[in-house]
Amino acid sequence: MSINTVWQQIKQYEKEFSRIPDSVQLIAVSKRQSIDAIRDVYQLGQKHFAENILQEALPKISACNDLALVWHFIGHIQTNKTAAIAKHFAWVHSVDREKVANRLAEQRPQDMPDLNICIQINLDEETNKSGIALTELEAFAEKIKDLPRIKLRGLMAVPKPRHDFDEQRKPFRKLNEAMILLNNKGYALDTLSMGMTQDFKAAIAEGATMVRVGTAVFGARQ
Ligand SMILES: *Cc1c(COP(=O)(O)O)cnc(C)c1O
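When you line the sequence shown up against this note's numbering, it's residues 1 to 222, in that order.
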């Protein structure tokens with residue numbers, strides 16, 4: 001596969017599931033891919049890239065600072081990494097602790113636009129996986145919604161792999177319903193970050209606005 005294929009598939013799935021054209025954004029997950037690979041894909045027109053490990057991301061961000069890239073952080077966040085994340089990324093998809101949200105808000109540089117964040121939900125309640133339980137969502141959102149310099153945009157999840165298309169759709173539908181519930185309570189969330197190489201079609205069927213795709217864009221990771 002290639003990025004052209006993935007763009008085409010996104011367009012095709014938008015049509016197939018009656019989504020508004022261009023309502024699904026591709027985030028190219030460049031973890032364990034080279035700087036050259038990032039630059040190649042950028043030349044084809046891709047602007048949004050995601051990394052999951054800060055130490056790996058920083059040299060890449062710096063090596064690409066002549067390009068107009070938008071960087072997304074999608075990995076587990078250690079408290080001692082929040083300052084660098086707040087400084088070098090435009091989006092953080094994996095916020096799941098109040099302490100992390102507080103620190104990102106405090107440490108987002110004043111001269112930068114608000115940091116866009118998503119709350120990560122552990123939909124399958126898997127142990128050892130990042131994310132809060134769906135039952136904790138409302139209380140958590142309430143705590144972080146008014147923090148300065150960060151803007152709560154939506155929800156993110158990495159459901160466990162399922163092979164059947166209809167089974168893949170179920171967790172994504174849950175995430176969509178959770179966002180609607182919050183919006184009915186006065187939030188203005190506009191982002192559902194869900195779907196990866198194996199399941200982004202199901203995610204688009206259920207309302208994804210950002211799909212995070214690595215392997216299908218770049219090939220297998222190193
Ligand atoms: C690695 C990763 C992806 C992309 O996975 P692929 O299967 O290569 O598309 C998406 N989201 C997160 C959080 C990841 O860590």
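Note that beta-carbon positions come from the ideal geometry of N, C-alpha and C, so glycine has one too. Being a predicted model, the structure only gives us computed values, none of them experimental.
Leaving out five residues on either side along the sequence, give the residues of the same chain with a beta carbon under 8 Å from the beta carbon of residue i.
i, result
"Asp190", "Arg153, Gly154 and Thr209"
"Lys174", "Leu123 and Leu134"
"Ala178", "Ile121, Leu134, Leu137 and Leu155"
"Lys143", "Glu98 and Ala101"
Check the C-beta distance from residue i over to residue j and give it rounded, since I have them as a contact under 8 Å.
i, j, result
"Val211", "Val41", "Not confirmed; about 15 Å, so no contact."
"Ala203", "Phe165", "Their Cβ separation, rounded to whole angstroms, is 11 Å, which puts Ala203 and Phe165 out of contact at 8 Å."
"Leu115", "Ile150", "5 Å"
"Arg39", "Cys64", "7 Å"
"Leu44", "Ile3", "6 Å"
"Ile77", "Asn52", "Between Asn52 and Ile77 the Cβ distance is about 10 Å, and since that is not below 8 Å, they are no contact."
"Asp96", "Ser62", "Going by Cβ atoms, the distance from Asp96 to Ser62 rounds to 27 Å, so no, they are not a contact pair."
"Glu196", "Val213", "Per the sequence shown, residue 196 should be read as Met rather than Glu. Correct: roughly 6 Å between the Cβ atoms."
"Leu182", "Ala139", "That pair is no contact at about 11 Å."
"Val70", "Lys87", "That pair is no contact at about 15 Å."
"Ile35", "Lys60", "6 Å"
Leaving out the 5 sequence neighbours to the left and right, which residues in its chain are closer than 6 Å to residue i when beta-carbon positions are compared?
i, result
"Pro148", "Ala105"
Under 6 Å: does the beta carbon of residue i sit that close to some heavy atom of ligand 1?
i, result
"Ile74", "yes"
"Arg169", "no"
"Val95", "no"
"Arg162", "no"
"Gly195", "no"
"Val213", "yes"
"Asn128", "no"
"Asn52", "yes"
"Val41", "no"
"Val100", "no"
In terms of residues, what are the limits of the alpha helix (DSSP H) holding residue i?
i, result
"Phe165", "Phe165 to Asn184"
"Ala84", "Thr82 to His88"
"Phe140", "Leu137 to Ile144"
"Leu115", "Premise fails: Leu115 lies in the beta strand (DSSP E), Leu115 to Ile121, not in any alpha helix (DSSP H)."
"Leu104", "Glu98 to Gln107"
"Arg149", "Note, Arg149: premise wrong, no alpha helix (DSSP H); not H, not E."
"Phe200", "Phe200 to Ala205"
Assuming residue i is part of the beta strand (DSSP E), what are its boundary residues?
i, result
"Glu16", "Careful: Glu16 lies outside any beta strand (DSSP E), inside the alpha helix (DSSP H) at Ile3 to Glu16."
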